[in-house]
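For the sequence shown, position 11 (counting from the first letter as 1) is numbered 11 according to full-length UniProt numbering, and the numbering increases by one without interruption. Note that CB positions come from ideal geometry on N, CA and C, so glycine has one too. Just so you know, these numbers come straight off a predicted model, no measurement behind them.
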Amino acid sequence: MSAIVLIFVCILLDKSVGENESTHSYHLSVLEKNTIICSATLITEKLAITIASCLHEKEINELFVLAGTRVLGVGGTKIKVDHVRRHDYFKPPRKSFDVTLIIIYSGVPISASIKPIKITSFGEDVELKPGQTANFTSWDPVKKTIKHVEMHKFGTLDCSWYRKENYTYDMACYGYEDEDGPCSNDAGGGLIINGRLVGIALSPLLCGKEHNPSLFVNIQYKVIYLYVEVNIRNMS
1 MSAIVLIFVC
11 ILLDKSVGEN
21 ESTHSYHLSV
31 LEKNTIICSA
41 TLITEKLAIT
51 IASCLHEKEI
61 NELFVLAGTR
71 VLGVGGTKIK
81 VDHVRRHDYF
91 KPPRKSFDVT
101 LIIIYSGVPI
111 SASIKPIKIT
121 SFGEDVELKP
131 GQTANFTSWD
141 PVKKTIKHVE
151 MHKFGTLDCS
161 WYRKENYTYD
171 MACYGYEDED
181 GPCSNDAGGG
191 LIINGRLVGI
201 ALSPLLCGKE
211 HNPSLFVNIQ
221 YKVIYLYVEV
231 NIRNMS
């Protein structure tokens with residue numbers, strides 16, 4: 001039986017960019033045995049969010065969270081995950097509604113290095129216009145630490161043109177001007193604007209290829225937002 005371990009990795013960015021200890025305290029990594037398979041985002045003490053395709057058909061009977069470590073695989077507190085609740089509309093091989101919630105009934109120990117981030121409000125406070133700048137946390141494949149990636153929103157027509165059959169109406173496209181960008185292990189990670197979670201990175205990611213924006217689940221899409229918000233209220 002496969003064992004999946006969800007690791008809460010709270011790692012500093014390079015101090016030269018002015019980050020502090022709590023900057024990415026919401027960022028999580030999902031592991032199967034000792035291998036990272038995707039990322040996730042802590043949105044409440046008891047809930048994390050990632051893409052459903054990451055955990056689809058995986059054995060999750062031995063699912064845990066490891067909280068409070070700044071270095072991948074070093075230290076931290078392991079906590080059992082109680083349940084995984086994917087969106088009812090997620091029906092592979094369809095690509096839409098690729099979102100799931102990870103539930104930890106006992107909660108994670110909140111601290112300076114482990115803190116949830118709020119989701120964006122539906123139709124409020126964050127307007128996702130073409131050119132809008134967002135922040136994404138991405139694994140540095142050499143240093144094994146989290147790096148900061150600034151991404152820019154593509155318009156709907158451009159997104160559907162570049163990503164064609166992979167694009168569905170509950171998604172948004174973000175890209176970058178250089179070769180930095182999310183790669184395979186970053187799928188499921190959070191896209192942040194003004195301190196709010198607005199998107200979840202989908203797979204496959206294109207690792208910074210020019211003119212090939214990455215796809216994200218759009219948290220502001222009404223059906224996605226209501227799914228997340230209802231579960232947050234039910235768990236509070």
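Member of the options whose CA lies at the smallest distance from the CA of residue i
{"i": "Ser-214", "options": "Lys-46, Tyr-167, Tyr-105 and Val-108", "result": "Tyr-167"}
{"i": "Tyr-176", "options": "Thr-133, Ile-110 and Asp-158", "result": "Thr-133"}
{"i": "Pro-130", "options": "Ile-43, Val-228, Ile-119 and Ala-172", "result": "Ala-172"}
{"i": "Asn-234", "options": "Leu-42, Ala-40, Leu-47 and Lys-222", "result": "Leu-47"}
{"i": "Leu-55", "options": "Lys-144, Arg-86, Val-230 and Asp-170", "result": "Arg-86"}
{"i": "Asp-158", "options": "Asp-170, Tyr-174, Lys-143 and Lys-144", "result": "Tyr-174"}
{"i": "Asn-135", "options": "Lys-78, Ala-112, Asp-98 and Gly-199", "result": "Gly-199"}
{"i": "Tyr-221", "options": "Tyr-169, Ser-25, Ala-201 and Leu-191", "result": "Tyr-169"}
{"i": "Thr-50", "options": "Gly-107, Ile-193, Phe-97 and Asn-212", "result": "Phe-97"}
{"i": "Ser-106", "options": "Tyr-227, Ile-192 and Lys-78", "result": "Lys-78"}
{"i": "Ile-36", "options": "Ala-187, Ser-160 and Thr-120", "result": "Ala-187"}
Coil, strand or helix - residue i by DSSP
{"i": "Lys-80", "result": "strand"}
{"i": "Leu-128", "result": "coil"}
{"i": "Ile-104", "result": "coil"}
{"i": "Asp-14", "result": "The predicted position of Asp-14 is uncertain, since its pLDDT is 35 and thus under 50; no value can be drawn from it."}
{"i": "Val-5", "result": "Here the model assigns Val-5 a pLDDT of 46, short of 50, so the residue's position is not dependable, and the following value carries that caveat. Looking at Val-5 - three-state DSSP - the assignment turns out to be strand."}
{"i": "Tyr-89", "result": "coil"}
{"i": "Asn-166", "result": "helix"}
{"i": "residue 237", "result": "Shown here, the chain extends from 1 to 236; a query on residue 237 therefore has no answer."}
{"i": "residue 262", "result": "Look at the range of the chain in this structure, 1 to 236, and you will see that residue 262 is not part of it."}
{"i": "Thr-120", "result": "coil"}
{"i": "Thr-35", "result": "strand"}
{"i": "Leu-63", "result": "coil"}
{"i": "Asn-20", "result": "Because Asn-20 carries a pLDDT of 41, less than 50, the predicted location of this residue cannot be relied on, and no value is offered for it."}
Rounded distance between the beta-carbons of residue j and residue i, thought under 8 Å
{"i": "Ile-232", "j": "Thr-44", "result": "6 Å"}
{"i": "Pro-116", "j": "Leu-42", "result": "4 Å"}
{"i": "Ser-25", "j": "Ile-114", "result": "6 Å"}
Where the alpha helix (DSSP H) through residue i begins and ends
{"i": "Glu-229", "result": "222-235"}
Opening and closing residue of the beta strand (DSSP E) in which residue i lies
{"i": "Ser-214", "result": "214-218"}
{"i": "Ile-146", "result": "146-153"}
{"i": "Val-99", "result": "Counting along the chain, Val-99 falls outside any beta strand (DSSP E), and DSSP gives it neither H nor E."}
{"i": "Tyr-176", "result": "No beta strand (DSSP E) contains Tyr-176, which DSSP labels as neither H nor E."}
Within 8 Å, do at least three Cβ pairs link the segment 148-155 to the segment 56-64? Contact fails: fewer than three Cβ-Cβ distances are below 8 Å.
The segment 82-93 / the segment 23-34 touching (three or more Cβ pairs under 8 Å): no
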